[in-house]
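Numbering (the working numbering), first residue to last: 949 to 1037. Glycine included, C-beta positions come from ideal geometry on N, C-alpha and C. Please read these numbers as outputs of a predicted model, since none were measured by experiment. Report on the following structure.
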Amino acid sequence: MYKVQIYGGDNKKAALLKEFAMEIGEEGADALIMSEISDYLYDLDIPFDVDEDGDMVIDDILMAVSEGEPVEETFREKGRYFRILGKSL
949 MYKVQIYGGD NKKAALLKEF AMEIGEEGAD ALIMSEISDY LYDLDIPFDV DEDGDMVIDD
1009 ILMAVSEGEP VEETFREKGR YFRILGKSL
């Protein structure tokens, strides 16, 4: 089982926005959940501190998730906060 958790809020208080769970290796289920994770991440207004490379950062996150690798990314800007965690259980 692999779980992805997405937190967001301001720099003082963040809440769990969305959680996804999947079995790595289940072809049909993985594709559907990966699509949901991708759509959710791209729809967030994440403040990237890299120059116009936000899509590449999300692609790297999605690649790690699809391979079952641990993910921990944090983004902060002007009082906004997002944290993306992915791990095998």
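Query                                                                                                                     : Result
Does Leu-1033 come out as helix, strand or coil in the three-state DSSP assignment?                                       : strand
Do you know how far the Cα of Val-1019 is from the Cα of Asp-978?                                                         : 17 Å
So, helix, strand or coil for Ile-994, using DSSP?                                                                        : coil
Pick from Leu-1037, Ile-1032, Ser-1036: whose alpha carbon is nearest that of Gly-948?                                    : With the chain represented from 949 up to 1037, any question about residue 948 goes unanswered, as that position is not in the structure.
Quick one: grab the DSSP three-state call for Ile-972.                                                                    : coil
Quick check on Met-970: buried or exposed, where buried means 16 or more other Cβ atoms within 10 Å of its Cβ?            : buried
Name the residue from Lys-960, Tyr-988, Asp-993, Asp-991 whose alpha carbon lies nearest to the alpha carbon of Gly-1027. : Lys-960
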